[in-house]
Amino acid sequence: MKKKVLTVDDSRTIRNMLLVTLNNAGFETIQAEDGVEGLEVLENANPDVIVTDINMPRLDGFGFIEGVRRNEKYRAIPILVLTTESDAEKKNRARQAGATGWIVKPFDPTKLIDAIERVTA
Amino acid sequence: MDMNEIKEIFFQECEEQLAELESGLLKLNDGDRDPETVNAVFRAVHSIKGGAGAFGLDDLVSFAHVFETTLDCVRSNKLEPTQDVLKVMLKSADVLADLTNAARDGGSVDESRSRTLIRELEALAHGEAPAAAEAPAPKPVAAAPAPVVEKPPVNDEGFQPIPFSFGDFDDEPAGHYVPTVQIDFKPKKDLYAKGNEAVLLLRDVSRLGEMSVYCDMDALPPLDKMNPEEAYFSWKLSVTTEKGEDGVRSVFEFAEWDCDLDIRTIEEDVVGETADEEEPPMQPVPFDLSMLDEGASCAAGEEQAAENPAAAAVAAAETASKVAQVASRAAENAKAAAASAAQASQAAAAGQTIRVDLDRVDRLINLVGELVINQAMLSQSVVENDNNGTSSINMGLEELQQLTREIQDSVMAIRAQPVKPVFQRMARTVREIADITGKSVRLITEGENTEVDKTVIDKLAEPLTHMIRNAVDHGLEMPEKREALGKNPEGTVRLTAKHRSGRIIIELADDGAGINREKVRQKAIDNDLIAADANLSDEEIDNLIFHAGFSTADKVSDLSGRGVGMDVVKRSIQALGGRISISSKPGQGSVFTMSLPLTLAVLDGMVVTVAGQTLVVPLTAIVETLQPEASAIHSFGASQRLISIRNSFCPLVDVGRILNFRGTQANPVDGVALLVESEGGGQRALMVDAIQGQRQVVIKSLEANYTHVPGIAAATILGDGRVALILDVDAVVAASRGQSLRQDISLAATG
């Protein structure tokens, strides 16, 4: 069975790159443009893993992760943070919000798939 | 979708982000301190950097990175966004736009400019905000000019770079050391709460090399005391791997905060190339119990650790995490549901858009144009063939007409875009010219969201840029002079857009010196534009600047000496079916007013007959129509005639004569006069033979299908299938005026 990935990113460019990379790697991909939409989409998506950006309008990555972790049904889903932020402080915040792991942009496809494999069975 | 398409999308997105960036910075410049504004600005640069990194656009990445770092200081309140700071940032936004364009279209950017800005941005981030120094900014001195040397997180592995090389596997000579790493791993419950899985970590460790594992289950309480969310198991692992301690550490990269983790290399085995396969990899692992914080005894499990295959440990871990998962699904959920409901309603408020290829929209517009024509033809033939008057067909046709009109309006609305992007580009123009001229200028824009057809917007940028250049370069005085005159040393240029009676009006006002009429007049005389003794009104003098080859600048400056004069501006505005006029007050500034059609596809026109030809006169030009009486017509000179309307005189223009439809003057009393307003405000009475009616016509370009015809703006197809020419009122009026002023337009025969 295909693994399902939910990606949340406000950049059309990154969304498309994720889509291409993940589809090529044999994942089913669902996408959202920001945290608010991400939480909405999540309800019916039932993904195996979530990949999210941090800097987004309306609801940023931190808020989104907290939202997912508060959700009874989905709080155990692995969440990878996809971000250009490389300083420890931001990572720490993402981690405290409940992120499972992170991928630093610009991601290369291998690294992304690798990270997803790492957190999914 | 391939990478090239994504790249295309990236550049589209860049444009949006750059617009966002600029408008945000301008808001900040106006004193907006809303954190969301700063965030939006930061996000814009951040997104550009992220995408640029993915495409290996290093110049763009490194500049965006420095910019972002400085913006981050503003975001975290370490740097106050003063006017000076914003000045640097606005310039940086310009450079970022240049770099983006260079990345897309090739070409180069002014490197010294970007280097200077990088230094200035860094000075802001470092100098004024020392706390931000640890941000991953490139080192200011050496790194700044050379993007290659900078270390933006392009290749950043994470917060913990792992230096290892796959080359080692193949190239290492026989007999190298393979370290054995020992790991004590005790997950906390947070580890599971964050979606990490002990079992997956063990799996990954096992992939590094030969692994032995021992699971310590001593902490597991009896079932009735067990908290399903707690973590009870801990593991002792030992793995022999080429990747060493760092390789192991990278496995636990995501988990290291949420577990007690001790990783150490216990010994280095000498492993020969062949020994790899033959030697039993596992050796009894001497655990150092004193190093365990928990103090749990592992002695009993030690032998087990050596024997147990990794699978057993994995199974145990699986059990543990499954328990946690089941439990997590069973617990309370009211709060979460409420939160997600709130967020859902918030999301519904956001607008929905789709992106459509412009070609598709244009095809649709064309088709609707044909539909309008077809509908008109149908109506006409029904009217002609309908003998019994009020048939239901007529009612249906009326509805069809209404629907067609609505469809047309809706389709046009798709092409309508706010003028905002053009206005934003002007902000940059103003900054650049202000810099070059040493003047201090403030650009105020109003009505940015006024919508107009995309073609109009696209073609508006150039004339507008030129006019802004003129306004700053020629209009505004130097700051010292302004101060001496008691004006604010900072000049103001105001750019306004608004809708008025089916057209868009764009006004460009400056508070500079105004038109120097003496100078303009002298120049016009010198250039033989007017006779030395010509008696011109102020308005007429002002309008002289629209004449070809006219420039009042004493010396040709860098800015306005580009061979483009106001005559070119006027022509481009006219090409859009627009008009431009100027009003000026000495010492107070000038106002240029442009009036443009909202769309270039349809036009409301009056269908008239002139010498047997059917013409369409744009309705927007017509002030009123009247039936001239013989007593109101006055002749003067050889062929000039005036018509008196309510105690004022207005020149009479014989359209048929101007367009060479006929050789002799028509008798005004036999026809109809259309009072039109031409640019410059003057009124003229256009004489036509008869008015057929008023209708909406679809504009078909003559230039695209034939060639430009003086005096004619375009053509259209009428309901009966005939082609009618659309009159270029301003050109016709100019031609008639040319007889009295200067013969500079000779009209070719048309029809």
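Protein sequences appear in the order of chains V and E.
Position one of the first sequence corresponds to residue 200 (the numbering used here), numbered consecutively onward.
Position one of the second sequence corresponds to residue 899 (the numbering used here), numbered consecutively onward.
All C-beta atoms, glycine included, are put in the ideal place defined by N, C-alpha and C.
Since the structure is predicted, the reported quantities are computational estimates derived from the model, not experimental observations.
Inset, instruction - Rank E:T1497, E:L977, E:G1561, E:V1586 by C-alpha distance to the C-alpha of I1520 (chain E) and give the top, closest one. - result: Along the second sequence, one-based indexing puts residue 1520 (chain E) at 622. Out of E:T1497, E:L977, E:G1561, E:V1586, E:V1586 has the C-alpha closest to the C-alpha of I1520 (chain E).
Inset, instruction - Please report how far the alpha carbon of Y273 (chain V) lies from the alpha carbon of V1354 (chain E), in whole angstroms. - result: The count along the first sequence starts at 1 and reaches residue 273 (chain V) at position 74. The count along the second sequence starts at 1 and reaches residue 1354 (chain E) at position 456. Roughly 50 Å between the two C-alpha positions.
Legend entry - R931 (chain E) versus E1437 (chain E): straight-line alpha-carbon distance, rounded: Residue 931 (chain E) sits at position 33 when you count from the first residue of the second sequence. Residue 1437 (chain E) sits at position 539 when you count from the first residue of the second sequence. Their backbone Cα atoms lie some 45 Å apart in a straight line.
Inset, instruction - Please go through the same chain and pick out, in chain order, the residues whose beta-carbon is closer than 7 Å to the beta-carbon of V972 (chain E), but skip the five residues on each side of it. - result: Working through the second sequence from its first residue, we reach residue 972 (chain E) at position 74. Only V936, P979 meet the Cβ criterion.
Inset, instruction - Using a Cβ-Cβ cut-off of 7 Å, state whether N243 (chain V) counts as contacting chain E. - result: Residue numbering aside, residue 243 (chain V) sits at position 44 when the first sequence is read from its first letter. Judged by the 7 Å Cβ criterion, N243 (chain V) is not in contact with chain E.
Inset, instruction - Kindly say whether I315 (chain V), judged by its beta-carbon, lies nearer than 7 Å to any beta-carbon of chain E. - result: By one-based count along the first sequence, residue 315 (chain V) stands at place 116. It does not; no Cβ of chain E falls within 7 Å.
Legend entry - Pair within 7 Å by beta-carbon distance, G1487 (chain E) and G1410 (chain E): As a position in the second sequence, residue 1487 (chain E) is number 589, starting the count at 1. As a position in the second sequence, residue 1410 (chain E) is number 512, starting the count at 1. Less than 7 Å divides the Cβ of G1487 (chain E) from the Cβ of G1410 (chain E).
Legend entry - Beta bridge counterpart(s) of D1408 (chain E) as assigned by DSSP: Locating residue 1408 (chain E) in the second sequence gives position 510, counting from the first residue. E:V1391, per the DSSP bridge assignment.
Inset, instruction - Hey, could you find the ends of the alpha helix (DSSP H) P1319 (chain E) is sitting in? - result: The residue you call residue 1319 (chain E) lines up with position 421 of the second sequence. Looking at the DSSP string, the run of the alpha helix (DSSP H) that includes P1319 (chain E) is 1318 to 1335.
Inset, instruction - Can you check the segment 266 to 297 of chain V for any alpha helix (DSSP H) of at least 4 residues that lies completely inside it and give the ranges in chain order? - result: Those alpha helix (DSSP H) runs which fall completely within the segment 266 to 297 of chain V and span 4+ residues are 287 to 296.
Inset, instruction - Assign M901 (chain E) to one of two classes, buried (16 or more other C-beta atoms within 10 Å of its C-beta) or exposed (fewer than that). - result: Counting from one through the second sequence, the residue named residue 901 (chain E) turns up at place 3. With fewer than 16 Cβ atoms within 10 Å of its Cβ, M901 (chain E) is classed as exposed.
Legend entry - Where W1133 (chain E) meets chain V, residues with beta-carbon distance less than 9 Å: For the purposes of this step, residue 1133 (chain E) is taken as residue 235 along the second sequence, with counting starting at 1. For W1133 (chain E), none of the residues of chain V pass the 9 Å Cβ criterion, the least Cβ distance being about 17 Å.
Legend entry - Span separating the alpha-carbon of F1131 (chain E) from that of M1109 (chain E): The count along the second sequence starts at 1 and reaches residue 1131 (chain E) at position 233. The count along the second sequence starts at 1 and reaches residue 1109 (chain E) at position 211. The alpha-carbon atoms of F1131 (chain E) and M1109 (chain E) are separated by roughly 18 Å.
Legend entry - Interface flag, R211 (chain V) vs chain E, CB-CB below 7 Å: As a position in the first sequence, residue 211 (chain V) is number 12, starting the count at 1. Look at R211 (chain V): its C-beta is under 7 Å from a C-beta on chain E.
Legend entry - Whole-angstrom distance between V207 (chain V) and T1394 (chain E), CA atom to CA atom: Residue numbering aside, residue 1394 (chain E) sits at position 496 when the second sequence is read from its first letter. Residue numbering aside, residue 207 (chain V) sits at position 8 when the first sequence is read from its first letter. Rounded to whole angstroms, the separation of the alpha carbons of V207 (chain V) and T1394 (chain E) is 39 Å.
Inset, instruction - Please decide whether A275 (chain V) counts as near chain E, where near means a Cβ-Cβ distance under 7 Å. - result: Numbered from 1 along the first sequence, position 76 holds the residue referred to as residue 275 (chain V). Residue contact check for A275 (chain V) against chain E: a CB pair falls below 7 Å.
Inset, instruction - Throw me the rounded Cβ distance for the C1548 (chain E) and A1583 (chain E) pair, which I believe falls under 8 Å. - result: Start at 1 with the first residue of the second sequence, and residue 1548 (chain E) comes out as number 650. Start at 1 with the first residue of the second sequence, and residue 1583 (chain E) comes out as number 685. At roughly 5 Å, the Cβ-Cβ gap stays under 8 Å, so C1548 (chain E) and A1583 (chain E) are in contact.
Inset, instruction - Indicate the three-state DSSP secondary structure (helix, strand or coil) for A1583 (chain E) in the structure shown. - result: On the second sequence, position 685 is the one that residue 1583 (chain E) refers to. In the three-state scheme derived from DSSP, where H, G and I count as helix and E and B as strand, A1583 (chain E) is classed as strand.
Inset, instruction - Would you please verify whether the beta carbon of R941 (chain E) is less than 7 Å from any beta carbon of chain V? - result: Indexing the second sequence from 1 puts residue 941 (chain E) at position 43. For R941 (chain E), the answer is yes, since a Cβ of chain V falls inside 7 Å of its Cβ.
Legend entry - With 16 other Cβ atoms within 10 Å as the buried cut-off, status of E1268 (chain E): Residue mapping note: residue 1268 (chain E) aligns to position 370 of the second sequence, counting from 1. So E1268 (chain E) counts as exposed.
Legend entry - S1493 (chain E) - DSSP class collapsed to helix/strand/coil: Residue numbering aside, residue 1493 (chain E) sits at position 595 when the second sequence is read from its first letter. For S1493 (chain E), the three-state secondary structure derived from DSSP is strand.
Inset, instruction - Please confirm whether any heavy atom of the ligand FMN lies closer than 6 Å to the CB of P1119 (chain E). - result: Annotation note on the ligand FMN: not contained in the displayed structure, which lists no ligands.
Legend entry - Bounding residues of the alpha helix (DSSP H) (the contiguous stretch that carries S1132 (chain E)): On the second sequence, residue 1132 (chain E) is found 234 positions in, with the first residue counted as 1. Where S1132 (chain E) is concerned, there is no enclosing alpha helix (DSSP H), although the beta strand (DSSP E) it sits in stretches over 1132 to 1138.
Inset, instruction - Say whether chain E places a C-beta atom closer than 7 Å to the C-beta of K304 (chain V). - result: If you number the first sequence from 1, residue 304 (chain V) lands on position 105. Taking 7 Å as the threshold, the shortest C-beta distance from K304 (chain V) to chain E falls below it.
Inset, instruction - Output yes if chain E places a C-beta closer than 7 Å to the C-beta of N254 (chain V); else output no. - result: Counted from its first residue, the first sequence places residue 254 (chain V) at position 55. Yes, its Cβ sits closer than 7 Å to a Cβ of chain E.
Legend entry - Buried or exposed by the 16-neighbour rule on C-beta atoms within 10 Å, applied to P933 (chain E): Start at 1 with the first residue of the second sequence, and residue 933 (chain E) comes out as number 35. Around the Cβ of P933 (chain E), a 10 Å sphere holds fewer than 16 other Cβ atoms; the residue is exposed.
Inset, instruction - Give every residue of the same chain whose Cβ lies closer than 8 Å to the Cβ of V1146 (chain E), excluding the five residues on either side of it in the sequence, and list them in chain order. - result: For the purposes of this step, residue 1146 (chain E) is taken as the residue at position 248 of the second sequence. Closer than 8 Å at the Cβ level, and outside the excluded window around V1146 (chain E), lie V1079, I1081, V1103, L1106, V1137, T1139, I1161.
Inset, instruction - Count the other CB atoms, across all protein chains shown, that sit within 10 Å of the CB of M216 (chain V); report buried if there are 16 or more and exposed otherwise. - result: Stepping through the first sequence from its first residue, residue 216 (chain V) is reached at position 17. Classification for M216 (chain V): buried.
Inset, instruction - For A1129 (chain E), return the contacting residues in chain V, with the cut-off set at a CB-CB distance below 9 Å. - result: Position 231 of the second sequence holds residue 1129 (chain E). None at all; the shortest Cβ gap to chain V is about 13 Å.
Inset, instruction - Answer with yes or no whether the minimum CB distance from N223 (chain V) to chain E is below 7 Å. - result: Numbered from 1 along the first sequence, position 24 holds the residue referred to as residue 223 (chain V). Proximity of N223 (chain V) to chain E, defined by a Cβ-Cβ separation below 7 Å, is not satisfied.
Inset, instruction - From the DSSP output, in three-state form, read off R1313 (chain E) for me. - result: Residue mapping note: residue 1313 (chain E) aligns to position 415 of the second sequence, counting from 1. Note: R1313 (chain E) maps to helix in three-state DSSP.
Legend entry - Neighbourhood of Q1525 (chain E) by C-beta, 7 Å cutoff - its chain only, sequence neighbours within 5 removed: Working through the second sequence from its first residue, we reach residue 1525 (chain E) at position 627. Once the five neighbours on either side are set aside, the close Cβ partners of Q1525 (chain E) are V1570.
Inset, instruction - Report the rounded CA-to-CA distance for G1510 (chain E) versus D1552 (chain E), giving the unit in angstroms. - result: Numbered from 1 along the second sequence, position 612 holds the residue referred to as residue 1510 (chain E). Numbered from 1 along the second sequence, position 654 holds the residue referred to as residue 1552 (chain E). Between G1510 (chain E) and D1552 (chain E), the C-alpha separation is close to 14 Å.
Legend entry - Per-residue DSSP class, three states only, for T1518 (chain E): Position 620 of the second sequence, counted from the start, is the residue given in the question as residue 1518 (chain E). DSSP places T1518 (chain E) in helix when its eight states are reduced to three.
Inset, instruction - Check the DSSP bridge columns for H1532 (chain E) and list the partner residues they point to. - result: Locating residue 1532 (chain E) in the second sequence gives position 634, where the first residue counts as 1. Bridge pairing for H1532 (chain E): E:L1540 [DSSP].
Inset, instruction - May I ask which residues mark the beginning and end of the alpha helix (DSSP H) holding V1104 (chain E)? - result: Indexing the second sequence from 1 puts residue 1104 (chain E) at position 206. For the sequence presented, residue 1104 (chain E) should be read as Ser rather than Val. First-last of the alpha helix (DSSP H) with S1104 (chain E): 1096 to 1106.
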